[in-house]
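In UniProt numbering, the protein residues as written are 1 to 105. From the three backbone atoms N, C-alpha and C, an ideal C-beta is built for every residue, glycine too. Bear in mind that the values here come from a model prediction, so they are computed numbers and not experimental data. This report refers to the structure that appears directly beneath it.
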Amino acid sequence: MEQESKFIPQSEIEKNIINIGSRGETETEMMLSNFAHTPFKLDDVHYESVEGFWQSIKFPEGSKERVETAEFIGGKAKRAGKSTRGIREIEYQGPENRSWLTRAS
Numbered sequence: 001m002e003q004e005s006k007f008i009p010q011s012e013i014e015k016n017i018i019n020i021g022s023r024g025e026t027e028t029e030m031m032l033s034n035f036a037h038t039p040f041k042l043d044d045v046h047y048e049s050v051e052g053f054w055q056s057i058k059f060p061e062g063s064k065e066r067v068e069t070a071e072f073i074g075g076k077a078k079r080a081g082k083s084t085r086g087i088r089e090i091e092y093q094g095p096e097n098r099s100w101l102t103r104a105s
């Protein structure tokens, strides 16, 4: 009997489907989610998750909320960003800075 991968179920391999989400069936699916605990550093700021990054940049630069939200993961990060509903612009190190996505490590 062939052993099923712990990362991708055989049924999904056969369909070529990966269901990315925080409640995925496999470790791979969950780790690819913005909600996963995947710490990284960008421009000397530490983020605990991609979701923490996305939600934190909704707050003004230098604000306490931006710093706190950078440390959140999953639903906690998502909920923190909900208080910014209606936001129309996001600033990241000034309006002239457009290359930040390629510098995430």
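Rounded to whole angstroms, the separation of the alpha carbons of M30 and G24 is 5 Å. The distance from the Cβ of K64 to that of G81 is about 15 Å, inconsistent with a contact at the 8 Å cut-off. Contact between H37 and S49 holds: CB atoms are separated by about 6 Å, below the 8 Å threshold. Sorting Y92, E71, R66 by C-alpha distance to the C-alpha of S83 places R66 at the top. If you check the CB distance, G74 and F40 do not come in under 7 Å. The beta carbon of E91 sits closer than 7 Å to those of E61, all from its chain and outside the five residues before and after it, given in chain order. Judged by DSSP in its simplified three-state form, K82 adopts helix. G86 and T26 have their C-alpha atoms some 35 Å from each other. Taking all protein chains in view, the Cβ of G52 is crowded by 16 or more other Cβ atoms within 10 Å, so the residue is classified as buried. Counting along the chain, F53 sits inside the alpha helix (DSSP H) bounded by residues 50–56.
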